[in-house]
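Scroll down for the structure; my scribbles are underneath it.
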Amino acid sequence: MLKIKQAVYSGTFVSLDQLPPGELPEIALVGRSNVGKSSLINKLVNRKNLAKSSSTPGKTRTINYYLINEEWYMVDLPGYGYAKVPKTEREKWGKMIESYLHNRPQLRGVIQLVDIRHAPNENDRLMKEWLQNCDIPILIVATKADKVSRGARQKNLTIIKKGLGLIELPMCFSAATGEGISELAGSISEIINPAEEK
Ligand SMILES: Nc1nc2c(ncn2[C@@H]2O[C@H](COP(=O)(O)OP(=O)(O)OP(=O)(O)O)[C@@H](O)[C@H]2O)c(=O)[nH]1
Ligand SMILES: [Mg+2]
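The number in this note's numbering is simply the position in the sequence shown, starting from 1, with 12 added.
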């Protein structure tokens, strides 16, 4: 089981050639702007403000690294598809995210977040397809689970499953209640230390 003993902010980067050197494994978070990427990091490491979270979408415009247990990095990528960000800038981020996901040998797995309240959109679908072609473990997580009733939950998860063409229902997560945290930690652990987990 993944135990987070230490989490340290280790830098903000705007271009790929600045990223930390070395061979520590990395897990990256992708998802629409405002889906809850930074909040998920904070919940996972049990720190309120390690990753800056905001109700203003488009907050994270950079690649942010967090070193966990001095063993691996959690990488917070800029959210995609935020309409109010100028198109040229959106395209620039898109290229940066794509290039990171494609050209980073340290990358071991990607967590793609979708908001449990919304059906996946074209950007979510493209990201999922694209990740699938990268041949890397992908974990799909439905965020903000506290925002839907128990009854709506199953229905929404099925919509996400269909929308993204998944074989199973996505994992549920809430940064507000902590629901899903141990399942998430378990899955991350399997990605980081495949040999140790059973
Ligand atoms: N109720 C509830 N609110 C959440 C949850 N996760 C995130 N939020 C809220 O959603 C908003 C956006 O969360 P962030 O974590 O900043 O989202 P992000 O994906 O990092 O956004 P960008 O950095 O803009 O791409 C904030 O107001 C959070 O408090 C959750 O699980 N439950
Ligand atoms: Mg963020």
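Quick reminder that beta carbons are idealized off the backbone N, C-alpha and C, glycines included.
Go ahead and label residue i buried or exposed: buried means 16 or more other beta carbons lie within 10 angstroms of its beta carbon, across all protein chains shown.
i: M211; result: Summary: the structure shown does not reach residue 211, with the chain confined to residues 13 through 210, and so no result is reported for it.
i: D29; result: exposed
i: G34; result: exposed
i: R162; result: exposed
i: N54; result: buried
i: E38; result: buried
i: P98; result: exposed
i: A131; result: exposed
i: S186; result: buried
i: A40; result: buried
i: R120; result: buried
i: L102; result: Looking at the sequence shown, residue 102 is not Leu but Arg. When all chains shown are included, R102 counts as buried.
i: A63; result: buried
i: N58; result: exposed
i: I179; result: exposed
What's the gap between the Cα of residue i and the Cα of residue j?
i: L181; j: N168; result: 10 Å
i: E209; j: P32; result: Any reading at E209 must be qualified, since the residue scores a pLDDT of 48, below 50, and its modelled position is unreliable; the value itself is stated next. The alpha-carbon atoms of E209 and P32 are separated by roughly 27 Å.
i: V146; j: I123; result: As written in the sequence, residue 146 is Cys, which differs from the Val given in the question. For C146 and I123, the distance between alpha carbons rounds to 13 Å.
i: V47; j: I193; result: 16 Å
i: S67; j: S45; result: 10 Å
i: W84; j: N61; result: 19 Å
i: Q18; j: W142; result: 32 Å
i: E110; j: P206; result: 25 Å
i: T189; j: A157; result: 9 Å
i: F25; j: E134; result: 27 Å
i: L176; j: G198; result: 23 Å
i: D136; j: Q166; result: 19 Å
i: L36; j: K107; result: 24 Å
i: E82; j: C184; result: 28 Å
i: K96; j: I80; result: 33 Å
i: L56; j: S65; result: 14 Å
List the DSSP bridge partners of residue i.
i: A19; result: I80
i: V42; result: Q124
i: D213; result: The structure shown does not extend to residue 213, since the chain spans only 13 to 210, so no value can be given for it.
i: C184; result: A154
i: T24; result: N76
i: L119; result: E38
Checklist entry - Using 8 Å as the threshold, is the stretch 43-63 in touch with the stretch 84-98, meaning 3 or more CB pairs across them? => result yes
Item to check | the stretch 121-136 in contact with the stretch 145-159 per 3-pair CB rule at 8 Å | outcome: yes
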